[in-house]
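Our numbering puts the sequence shown at residues 31 to 746. Heads up: the structure comes next, in structure tokens.
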Amino acid sequence: MTARSEERGASEQSVPFWAMLEGDLLRSLGTTKEGLSVEEAAERLRRFRPNAAASKGRSRVLILLLRQFTSPVVLILIGAAILSVLLRDLADSAIILAIVLISGLLGFKQEYGAAAAVKKLLDTVELKASVLRGGQRRDVPMNEVVPGDIVYLSAGDGIPGDCRLLGDRDLSVDEAALTGENYPAEKEPGDLPADTPLARRTNALFFGTHVVSGSGLAAVVTTGRGTVFGALADRIGTTPPETEFERGVRRFGIFLSEITFILVVLIFAINAYLHKPVLESFLFALALSVGLTPQLLPAVISVNLARGAQEMAKRRVIVKKLSAIENFGAMNVLCSDKTGTITEGKIELHSAVDRDGRASDRVLRHAQLNALFQTGFRNPIDQALVACRPFDARAEGWARVDEVPYDFVRKRLSILASHEGRSWLITKGALSNVLEVCSSAEGEGSAPVPMDQAREGIERLYRELSAKGFRTLGVALRELPAGTAAVKRQDEVAMTFLGLLVLYDPPKEGIERTIAALKELGVALKIVTGDNALVAAEVARSMGFENPVVLTGGEVKLLSEEALPVRAGTADVFAEIEPNQKERIILALRRAGNVVGYMGDGINDALALHGADVGISVQDAVDVAKDSADIVLLDRDLGVLEAGIREGRRTFANTIKYVLMAASANFGNMFSMAGASLFLPFLPLLPKQILLTNLFTDLPELTIATDEVDPEWIVR
């Protein structure tokens with residue numbers, strides 16, 4: 031990987047970009063830390079083409095067309111056509127190929143139309159990158175990022191190209207897609223030896239990965255197919271995992287192949303034994319075997335799926351993969367993150383209290399400072415703190431100096447602020463993680479007391495609030511030497527606990543009806559959350575779970591791979607779950623024989639979304655969540671989940687309806703003719719007559735794809 035390649039924006043050099051001096055790298059890219067001009071960026075975009083790992087446009091259309099001819103049923107027909115050509119029976123071959131073309135072109139037309147409808151919606155949720163253009167920070171579509179761009183990165187952002195890090199604040203990146211490492215890679219600026227292996231290039235960021243925590247500034251070196259990830263995509267391609275429905279169709283095709291082979295051999299052998307013309311007997315047997323296949327099955331499936339995608343598009347739901355509709359219908363377990371998916375996601379600040387449970391303006395004020403001055407991803411809690419009441423921090427003499435960004439290990443965010451010549455480290459985060467860095471706690475009108483004396487009362491207050499369904503965060507403070515200009519994680523020690531933020535996230539309107547509708551459809555909803563067990567259980571009860579069974583992250587950690595599928599199957603709520611445990615839960619439920627959907631919108635949901643049979647996200651989710659999902663909801667309307675399941679089951683029901691109708695008619699006709707051929711001195715029908723009869727019989731059955739389905743087919 032060099033700093034510049036001719037195609038993607040950097041000429042061949044002997045020194046890779048991670049080993050170059052920063053100044054040399056920027057000069058080779060023709061850029062500065064102020065970024066490219068708007069005109070130069072436009073020129074580079076024209077020259078280097080849009081930033082994408084795989085080619086699109088005509089090649090995608092061609093792939094879509096060719097894919098129509100890869101199903102087992104179509105391959106059987108193509109094999110029969112080739113065999114007919116070899117036997118010089120061109121008429122039969124032409125008829126079979128006509129069947130294949132009709133099926134393929136019908137399927138292509140439907141899928142292409144559905145893809146066009148989905149693309150219109152996809153354009154509204156395209157991923158963005160924050161870049162410096164003309165010295166100003168602006169958001170641009172990720173496919174318009176070019177080599178030489180200077181990009182800002184924060185938690186949840188996808189890396190828009192292979193980049194060289196110029197500056198950071200505790201930046202960690204998930205590189206599992208490239209290196210296989212499960213833990214985030216910590217990044218820092220600097221120069222590295224040219225022979226540094228991929229997993230140790232701490233100053234390099236790679237396309238296809240995403241920021242887990244912290245923030246950074248980077249120079250884009252290569253984009254699209256010139257990146258490490260793009261090169262891999264070109265070499266190995268990206269084949270999505272086979273769905274349950276696709277697996278069933280494939281097995282059915284294999285079954286038909288076996289029947290076809292047996293029938294050809296059997297009928298040919300009997301007719302040859304009866305001294306009938308060998309070639310005519312073979313062609314007759316081949317025509318009968320082809321006649322057994324539901325010849326337009328691929329077209330029926332394509333029409334079904336395309337219709338489903340178009341119906342979902344009308345509901346402002348993007349189906350990124352048509353096969354996701356199949357899994358939607360087969361789904362019997364739906365796991366969902368709590369915040370923002372089954373709750374409103376609009377956190378309400380109930381109160382700010384000291385360690386004794388009394389309302390405290392001091393706690394609220396410091397929490398607001400933390401939320402106002404942090405520069406990373408502003409979550410709903412920060413938004414609630416900023417909006418709860420006006421607070422002009424700068425007018426009151428506060429100034430932001432530095433910060434230690436949030437990460438999923440510490441579960442804290444700290445900012446360094448100055449006020450009247452004094453420096454303060456203000457921390458907020460998960461209560462247990464804040465308490466572990468506190469050595470004392472203060473109360474109203476009293477001097478701070480040692481944490482050993484205050485801990486029991488704080489934890490009792492925490493349990494009481496949790497049992498009422500409130501979520502709590504801790505707030506702590508530490509004075510640092512005046513003039514302190516920077517802070518690190520190591521400075522989060524010997525802090526003084528100020529109090530708790532008491533938060534409430536109300537259940538989404540209509541969630542009880544949605545849960546009841548899912549239950550009627552045979553789909554069990556399971557809540558997956560990082561909240562404590564008491565809060566999670568109370569939220570579940572408010573949503574209609576009578577006696578929710580709760581499994582905690584600590585218990586999940588202790589369970590073996592064999593025991594987890596059993597326990598996960600009985601749980602209604604997974605509480606205190608670590609981000610990496612979500613995927614483990616999803617995979618355990620799948621191993622138990624379930625078809626599992628997962629709905630989430632956060633950074634820590636990406637692995638679970640990718641691991642589920644159906645990954646569902648929403649328009650305002652972080653980039654990495656939308657990228658990992660199979661389905662994206664443009665509106666946070668859970669009613670479309672029920673509609674999606676019904677569409678999936680309608681697809682399955684109509685497909686089965688066609689298979690049963692076509693197979694029963696074909697088997698009856700073909701076996702009756704096979705039997706008649708044993709007793710008649712001539713063949714009852716010529717091969718071409720058999721094939722034409724089947725084709726003209728199957729064509730009207732295409733309308734089954736748009737047929738209505740009885741309710742008993744949908745509800746199971």
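All C-beta atoms in this analysis are idealised placements derived from N, C-alpha and C, irrespective of residue type, glycine included.
By DSSP, does residue i sit in helix, in strand, or in coil?
i: residue 77; result: helix
i: residue 456; result: strand
i: residue 423; result: coil
i: residue 694; result: helix
i: residue 204; result: strand
i: residue 398; result: helix
i: residue 89; result: Residue placement at residue 89 is poorly supported in this model, since its pLDDT is 48, which falls under 50; the coordinates are not used for a value here.
i: residue 69; result: helix
i: residue 307; result: coil
i: residue 411; result: helix
i: residue 446; result: strand
i: residue 429; result: strand
i: residue 508; result: strand
i: residue 572; result: helix
i: residue 723; result: helix
i: residue 404; result: coil
i: residue 328; result: helix
i: residue 674; result: helix
i: residue 478; result: strand
i: residue 367; result: strand
Can you tell which of the options has its C-alpha closest to the C-alpha of residue i?
i: residue 290; options: 652, 704, 175, 606; result: 704
i: residue 412; options: 439, 438, 379; result: 379
i: residue 109; options: 240, 507, 251, 323; result: 323
i: residue 257; options: 190, 201, 246, 282; result: 190
i: residue 503; options: 517, 188, 533; result: 533
i: residue 205; options: 243, 176, 279; result: 243
i: residue 635; options: 441, 105, 560; result: 560
i: residue 518; options: 91, 446, 391; result: 446
i: residue 226; options: 304, 328, 45; result: 45
i: residue 600; options: 483, 164, 404, 624; result: 624
i: residue 438; options: 460, 421, 422; result: 460
i: residue 580; options: 318, 587, 566, 240; result: 566
i: residue 609; options: 638, 168, 593, 589; result: 638
i: residue 336; options: 652, 142, 564, 546; result: 142
i: residue 311; options: 738, 736, 745, 715; result: 715
For my contact list, residue i and residue j are in at a C-beta cut-off of 8 Å; report their separation, rounded to the angstrom.
i: residue 515; j: residue 434; result: Their Cβ separation, rounded to whole angstroms, is 14 Å, which puts residue 515 and residue 434 out of contact at 8 Å.
i: residue 361; j: residue 125; result: Incorrect: roughly 40 Å between the Cβ atoms, too far for contact.
i: residue 556; j: residue 122; result: Incorrect: roughly 54 Å between the Cβ atoms, too far for contact.
i: residue 359; j: residue 678; result: 2 Å
i: residue 260; j: residue 178; result: With a Cβ gap of about 17 Å, residue 260 and residue 178 do not count as contacting.
i: residue 684; j: residue 321; result: That pair is no contact at about 22 Å.
i: residue 510; j: residue 249; result: At roughly 33 Å, the Cβ-Cβ gap does not stay under 8 Å, so residue 510 and residue 249 are not in contact.
i: residue 370; j: residue 410; result: 7 Å
i: residue 611; j: residue 583; result: 6 Å
i: residue 245; j: residue 406; result: 6 Å
i: residue 681; j: residue 334; result: 4 Å
i: residue 133; j: residue 104; result: 7 Å
Note down, in chain order, each residue of its chain lying with its Cβ closer than 6 Å to the Cβ of residue i, except the 5 sequence neighbours on either side.
i: residue 429; result: 448
i: residue 275; result: 356
i: residue 598; result: 615, 618, 619
i: residue 172; result: 157, 159, 190
i: residue 88; result: Because the pLDDT of residue 88 is 43, which lies under 50, any placement of that residue in the model is unreliable, and the number read from its coordinates should be weighed accordingly. Correct list: empty, nothing qualifies.
i: residue 268; result: Reliability of the predicted coordinates at residue 268 is poor, the pLDDT of 46 falling under 50, and the value obtained from them is presented with this limitation in mind. The answer is none, since no qualifying residue turns up.
i: residue 687; result: 734
What does a CB cutoff of less than 8 Å around residue i pick up in its chain, not counting 5 residues either side in sequence?
i: residue 366; result: 372, 555, 556, 557, 558, 628, 629, 630
i: residue 231; result: 48, 222
i: residue 507; result: 396, 454, 455, 456, 457, 525, 526, 528
Should residue i be flagged as near chain B, meaning a C-beta pair shorter than 8 Å?
i: residue 189; result: The displayed structure is made up of one protein chain only, and chain B is not part of it.
What residues in its chain sit with their C-beta under 7 Å from that of residue i, if we drop five residues either side in the sequence?
i: residue 575; result: 602
i: residue 621; result: 595
i: residue 129; result: 107, 325, 725
i: residue 95; result: 138
i: residue 184; result: 241, 245, 406, 407
i: residue 415; result: 379, 397, 398, 401
Problem - the region 657-667 contacting the region 637-648, beta-carbon criterion three pairs below 8 Å - result: yes
Problem - Three-pair Cβ contact test at 8 Å for the region 487-497 versus the region 371-387 - result: Touching, yes.
Problem - Any 3 or more C-beta pairs closer than 8 Å across the region 459-473 and the region 518-530 - result: yes
Problem - At least 3 beta-carbon pairs within less than 8 Å: the region 704-722 vs the region 341-352 - result: Here the region 704-722 does not lie against the region 341-352, with fewer than 3 beta-carbon pairs under 8 Å apart.
Problem - At least three beta-carbon pairs within less than 8 Å, the region 218-226 to the region 187-203 - result: yes
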